[in-house]
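**Q** Please read through the structure below; I'll follow up with questions.
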Amino acid sequence: MDFLSLLQILDSTIRLSTPLLLAALAGLYSERSGVFDIGLEGKMLGGAFAAAAAAVVFGNPWIALLFALLASLGLALIHAFASITVKGNQIVSGVAINFIAAGLTALLGQSWFGQGGRTPQIGQDARFNPVELPAAEALSGIPVLGPFYRDLVSGHNLIVYFAFLMVPLTWWVIFRTRFGLRLRAVGENPAAVDTAGISVVWARYRAVMICGLLCGFAGAYLSIGLSAGFVQNMTAGKGFIALAALIFAKWRPLNAMWACLLFGFLDAVAIRLQGVPLPVVGIVPVQFIQALPYILTVVLLAGFIGKAVPPKAGGVPYTKER
Amino acid sequence: MKHQLPKWVDYGLIPLLNLITAFLVAGLVVLIVGESPLEAAYLLVRGAFGYGGGIGYTLFYATNFIFTGLSVAVAIHCGLFNIGSEGQAYVGGIGVAAACLALDHYVPWYVTFPFAIAGAAAFGAAWAFIPAWLQAKRGSHVVITTIMFNFIASALMIYLLVEVFKPAGSMAPETRTFQDGGQLPKLDWVFELFGTSLGGAPFNISFLLALFACWAVWLLIWRTRLGYEIRTTGINPTAAVYAGIPQLRTIVIAMLISGALAGMMGLNPIMGDQYRLQESFPAGAGFVGIAVSLMGRNHPVGIIFAAILFGMLWQGGAELAFDMPKISRDMIVVIQGLVILFAGALEHMYRPSLSGYFSRRQQQSAKAAALGSGKVG
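Read top to bottom, the protein sequences are chains A and B. Counting from 1 along the first sequence, just add 884 to a position and that's the residue number in my numbering. Counting from 1 along the second sequence, just add 422 to a position and that's the residue number in my numbering.
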């Protein structure tokens, strides 16, 4: 494999891991605060549809992004109400949100645009387009580093850079701020936080709302960044891959980035490996590579390659005075 | 202290209120789309129950949902949330197809049927075994592992259908069509008893198997020692261990039964309708099972009613989509999600106010009784 095709694979790795990364970080906030979220998929889908529909109507990517954030935040608030206020089952609530989002986006898409649940093609100026970083062309003459900078670092859209910026930011918020300390504490021992006079409910609500916003970014990226329009069920399991990546990362931001890059890489390679014989193993079925993130997660969960321990109070609604 | 609600409120009124709320919100969605909710409801019910064929389809879908609903319910009784019924049903289809492909040339359907049942149950159970064992032995969360297994199942099945089962020269990822020996008889005689006809609906004998499965699950959960162990483990695992109930064994067996029930769902579409193993034949029935089980309060009788309700939604929804082009079949998915949300996650939404109401009433009637007795005395 030559240098250029390697660059191409890495480039699509970054593109494909961006939505995973945003969703995984979203899940990180929620789950660190003790609210399990298997509704990442639904929130992304809702965001993707809202962004595409708004882009069609307003023709402006920023307004589209705003709608994506609102849609995803709305779904997150339903989840928060069900799992924090009413103390319902968080898993059941997540499942419900996935269904509602899948059904509503397809239904509204069909009834508003009448194209089988798709939105119309979105024009260039209503999308997030690639950004040329400074001096990308000028430096491209430098061997290895030049093309590396031009093709891999430069030339992505704003949401990609935002996603990767969110990694150190999330690390800082979770591990270096008072808000992060409390967020982690309500996920591990809410009773202690409550005793200290801090509201468990409000801490969890904020975490779930951040989760909703980040899923909104992921959704907008899918429909007006990566592609030019919404297609029915366009998340296609990405929310669950993000969940897998989060477990793989043991609920840590930097690890989450590596896990998402790994899963994005598998995705990028899967297409190229179709029918290509590999040394030793021969032709690998493309389905196997697609299933690999899920298989790896199961293996990890079984504790065969290190143990993944979720936040202690995860999945349990907090009740005062019991 | 929490006020104890009367049983009819707990098992009747609250689920009913939740269901009504779900349908009201669904009606709101219909309004947003710009159609009349009442007319939509009328079309839906007419499509599902208005003629013989409609009823046939409704019961055909209900058969699927009874199996997957029971599958989810058995796991829930053991405290396990099995989101993997979809994948287990999918893999169970291999068992059905294997029996049919092997036997359909040589024997009539009633010889193939038991083998197909056994195959479906065995493959479904096998697919549930790994998540079960990992949960029981290594503490990996069964929800996450079963979600992962759904995706792995779908990758595996596409591989198998494309590379292994597809007959030479065919393009579609499916097995060959079964001969008569792999086709279940339809239950048209039931419809003729009532003076109507089944039309082309694929309502078949696996419905009877589903009803039998309901009875068997009821017997298992409430009338056997194993059922007692399953329920105890579900309600209080610590107490169960203390009482000498082997946790690992109970969890694994409960999940195996759950997987087997999910796998048997495949009999209905594969042997009763399509007569071949096709890509993604469960079509979401595994997930509907979650809603069905939640609505039916994990009891076989409740599950039968909930399954018929969802069968009605599927069949009526298809006709509704035909009559009102603005409403696509995805309306069913929305309603399903709303039912899961209101009957499952927001289950306790009405409880505090109802609880307050009933405790006030009880106090009042106690007061009235005291006053009344005072007058007499």
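Cβ coordinates follow ideal geometry from the N, Cα and C atoms, glycine included. Source: prediction; values computed, not measured.
Just to confirm my understanding: we take serine 592 (chain B), look at its own chain, exclude 5 residues before and 5 after, and list those with CB closer than 6 Å. What are they?
**A** Taking the second sequence and counting its residues from 1, the one referred to as residue 592 (chain B) is at position 170. None.
**Q** Can you give the Cα-Cα distance for glycine 478 (chain B) and valine 723 (chain B), rounded to whole angstroms?
**A** Numbered from its first residue, the second sequence carries residue 478 (chain B) at position 56. Numbered from its first residue, the second sequence carries residue 723 (chain B) at position 301. Cα to Cα, the separation comes out at about 20 Å.
**Q** How many whole angstroms separate the CB atoms of glycine 1198 (chain A) and glutamate 915 (chain A), which I take to be in contact at a CB cut-off of 8 Å?
**A** Along the first sequence, read from residue 1 onward, the residue named residue 1198 (chain A) stands at position 314. Along the first sequence, read from residue 1 onward, the residue named residue 915 (chain A) stands at position 31. Rounded, the Cβ-Cβ distance is 6 Å, consistent with contact.
**Q** Does phenylalanine 1059 (chain A) pass the burial test, meaning 16 or more other C-beta atoms within 10 Å, or should it be called exposed?
**A** Reading the first sequence from its first residue, position 175 is the one you call residue 1059 (chain A). The residue in question, phenylalanine 1059 (chain A), is exposed, as its Cβ has fewer than 16 Cβ neighbours within 10 Å.
**Q** Tell me the DSSP secondary structure of arginine 1011 (chain A) in three-state form.
**A** Start at 1 with the first residue of the first sequence, and residue 1011 (chain A) comes out as number 127. If DSSP states are grouped into helix, strand and coil, arginine 1011 (chain A) belongs with coil.
**Q** To the nearest angstrom, how far is it from the Cα of valine 447 (chain B) to the Cα of glycine 472 (chain B)?
**A** Within the second sequence, the letter at position 25 stands for residue 447 (chain B). Within the second sequence, the letter at position 50 stands for residue 472 (chain B). Answer to the nearest angstrom: the Cα atoms are 25 Å apart.
**Q** List the residues of chain A that arginine 560 (chain B) touches, going by C-beta distances under 8 Å, in chain order.
**A** One-based indexing of the second sequence puts residue 560 (chain B) at position 138. Chain A residues near arginine 560 (chain B): Leu1185, Ala1186 and Gly1187.
**Q** With the cut-off set at 8 Å, would you say leucine 689 (chain B) and isoleucine 488 (chain B) are in Cβ contact?
**A** Along the second sequence, read from residue 1 onward, the residue named residue 689 (chain B) stands at position 267. Along the second sequence, read from residue 1 onward, the residue named residue 488 (chain B) stands at position 66. No. Outside cutoff.
**Q** How far does the alpha helix (DSSP H) with isoleucine 580 (chain B) in it reach, from first residue to last?
**A** Locating residue 580 (chain B) in the second sequence gives position 158, where the first residue counts as 1. Counting along the chain, the alpha helix (DSSP H) containing isoleucine 580 (chain B) begins and ends at 564-582.
**Q** Identify, in the order they occur along the chain, each residue of the same chain with its Cβ nearer than 6 Å to the Cβ of isoleucine 730 (chain B), setting aside the five sequence neighbours on each side.
**A** Taking the first residue of the second sequence as position 1, residue 730 (chain B) is located at position 308. For isoleucine 730 (chain B), where only same-chain residues beyond five positions count, the Cβ hits under 6 Å are Ala484.
**Q** Is isoleucine 436 (chain B) close to chain A? Criterion is C-beta to C-beta, closer than 8 Å.
**A** As a working note, residue 436 (chain B) is residue 14 in the second sequence. No, because no Cβ of chain A sits closer than 8 Å to the Cβ of isoleucine 436 (chain B).
**Q** For alanine 791 (chain B), count neighbouring C-beta atoms within 10 Å of its own C-beta (all shown protein chains included) and say buried if the count is 16 or more, exposed if not.
**A** Residue numbering aside, residue 791 (chain B) sits at position 369 when the second sequence is read from its first letter. The residue in question, alanine 791 (chain B), is exposed, as its Cβ has fewer than 16 Cβ neighbours within 10 Å.
**Q** The alpha helix (DSSP H) that contains glutamine 601 (chain B), what's its start and end?
**A** The sequence position of residue 601 (chain B) within the second sequence is 179, counting from 1. Careful: glutamine 601 (chain B) lies outside any alpha helix (DSSP H) and carries neither H nor E.
**Q** Does any residue of chain B bring its CB to less than 8 Å from the CB of lysine 1204 (chain A)?
**A** As a first step, residue 1204 (chain A) is located in the first sequence; it is residue number 320 there, counting from the start. Not an interface residue.
**Q** State yes or no: is the beta carbon of alanine 463 (chain B) nearer than 8 Å to at least one beta carbon in chain A?
**A** Position 41 of the second sequence, counting from 1, holds the residue named residue 463 (chain B). It does not; no Cβ of chain A falls within 8 Å.
**Q** So histidine 963 (chain A) is in the alpha helix (DSSP H); what residue range does that whole segment cover?
**A** On the first sequence, residue 963 (chain A) is found 79 positions in, with the first residue counted as 1. Start and end: 945-964.
**Q** Exposed or buried, what is tryptophan 1135 (chain A) when buried is set at 16 or more other beta-carbons lying within 10 Å of its beta-carbon?
**A** To locate residue 1135 (chain A), count along the first sequence from 1; it is residue 251. Classification of tryptophan 1135 (chain A): buried, given that the 10 Å Cβ count is 16 or more.
**Q** Please report the Cβ distance between valine 494 (chain B) and phenylalanine 545 (chain B), rounded to the nearest whole angstrom; I am assuming they are in contact, meaning their Cβ atoms lie under 8 Å.
**A** As a position in the second sequence, residue 494 (chain B) is number 72, starting the count at 1. As a position in the second sequence, residue 545 (chain B) is number 123, starting the count at 1. Not quite, the Cβ-Cβ distance comes to about 18 Å (not below 8 Å), so this is no contact.
**Q** At the level of alpha carbons, what is the spacing between glutamate 596 (chain B) and serine 628 (chain B)?
**A** Position 174 of the second sequence, counted from the first residue, corresponds to residue 596 (chain B). Position 206 of the second sequence, counted from the first residue, corresponds to residue 628 (chain B). When rounded, the distance between both Cα atoms is 22 Å.
**Q** CA-CA distance, leucine 793 (chain B) and leucine 427 (chain B)?
**A** As a working mapping, residue 793 (chain B) is identified with position 371 in the second sequence. As a working mapping, residue 427 (chain B) is identified with position 5 in the second sequence. One C-alpha to the other measures close to 24 Å.
**Q** Glycine 546 (chain B) by DSSP, collapsed to three states: which one?
**A** The residue labelled residue 546 (chain B) in the question sits at position 124 within the second sequence. If DSSP states are grouped into helix, strand and coil, glycine 546 (chain B) belongs with the helices.
**Q** Under the rule that 16 or more other beta-carbon atoms within 10 Å means buried, what is serine 889 (chain A), buried or exposed?
**A** Reading the first sequence from its first residue, position 5 is the one you call residue 889 (chain A). Looking at its Cβ environment, which holds fewer than 16 other Cβ atoms inside 10 Å, serine 889 (chain A) is exposed.
**Q** Buried or exposed, going by whether 16 or more other CB atoms sit within 10 Å of the CB of glutamate 457 (chain B)?
**A** What you label residue 457 (chain B) is simply residue 35 of the second sequence in a count that begins at 1. With 16 or more other Cβ atoms within 10 Å, it is buried.
**Q** Would you list, in sequence order, the uninterrupted alpha helix (DSSP H) runs of no fewer than 4 residues that lie entirely inside the region 973-1014 of chain A?
**A** Counting whole runs of 4 or more residues, the region 973-1014 of chain A contains the alpha helix (DSSP H) stretches 974-997.
**Q** So for glutamate 461 (chain B), helix, strand or coil by DSSP?
**A** Locating residue 461 (chain B) in the second sequence gives position 39, counting from the first residue. Helix, per DSSP.
**Q** Closest to glycine 603 (chain B) by CA distance: which of B:Ala519, B:Asn572 and B:Gly469 is it?
**A** The residue given as residue 603 (chain B) occupies position 181 in the second sequence. That would be B:Ala519, whose Cα lies nearest to the Cα of glycine 603 (chain B).
**Q** Give a yes or no on whether the C-beta atoms belonging to alanine 702 (chain B) and alanine 550 (chain B) are separated by under 8 Å.
**A** Translated into positions along the second sequence, residue 702 (chain B) becomes position 280. Translated into positions along the second sequence, residue 550 (chain B) becomes position 128. The question names alanine, but residue 702 (chain B) is serine in the sequence shown. No, they are not a contact pair.
**Q** Below 7 Å CB to CB, which residues in the same chain sit around leucine 1138 (chain A) once its five sequence neighbours on both sides are set aside?
**A** The count along the first sequence starts at 1 and reaches residue 1138 (chain A) at position 254. Cβ neighbours of leucine 1138 (chain A) beyond the five flanking positions: Val1051 and Trp1055.
**Q** Considering only DSSP beta bridges, list what glutamate 596 (chain B) is partnered with.
**A** Translated into the one-based positions of the second sequence, residue 596 (chain B) becomes position 174. Its beta-bridge partners are B:Gln700.
**Q** Let me know the secondary structure DSSP gives glycine 1025 (chain A) once reduced to three states.
**A** The count along the first sequence starts at 1 and reaches residue 1025 (chain A) at position 141. Three-state DSSP puts glycine 1025 (chain A) in coil, outside helix and strand.
**Q** Report the option in A:Gly1166, A:Ile1125 and A:Trp1142 whose CA atom is closest to the CA atom of leucine 1174 (chain A).
**A** In the first sequence, counting from the first residue as 1, residue 1174 (chain A) sits at position 290. First, the residue type needs correcting, since residue 1174 (chain A) is glutamine and not leucine in the sequence shown. The candidate whose alpha carbon is nearest that of glutamine 1174 (chain A) is A:Ile1125.
**Q** For lysine 789 (chain B) and arginine 653 (chain B), what's the separation of their Cα atoms in angstroms?
**A** Along the second sequence, one-based indexing puts residue 789 (chain B) at 367. Along the second sequence, one-based indexing puts residue 653 (chain B) at 231. Cα-Cα distance, rounded: 39 Å.
**Q** Taking the alpha helix (DSSP H) that threonine 618 (chain B) falls in, what are its first and last residues?
**A** Numbered from 1 along the second sequence, position 196 holds the residue referred to as residue 618 (chain B). It is not in any alpha helix (DSSP H) - threonine 618 (chain B) carries neither H nor E in the DSSP assignment.
**Q** How would you list, in chain order, the residues of chain B whose beta-carbon sits under 9 Å from the beta-carbon of glycine 958 (chain A)?
**A** Taking the first sequence and counting its residues from 1, one reaches residue 958 (chain A) at position 74. Within chain B, no residue comes near glycine 958 (chain A); the closest Cβ sits about 13 Å away, beyond 9 Å.
**Q** Please check if any C-beta of chain A sits within less than 8 Å of the C-beta of lysine 789 (chain B).
**A** Numbered from 1 along the second sequence, position 367 holds the residue referred to as residue 789 (chain B). No - not a single Cβ of chain A is within 8 Å of the one on lysine 789 (chain B).
**Q** Among the candidates A:Val1044, A:Pro1004, A:Leu1017 and A:Ile1043, whose CA atom is the shortest distance from the CA of proline 1031 (chain A)?
**A** As a first step, residue 1031 (chain A) must be located in the first sequence, where it is residue number 147. The candidate whose alpha carbon is nearest that of proline 1031 (chain A) is A:Leu1017.
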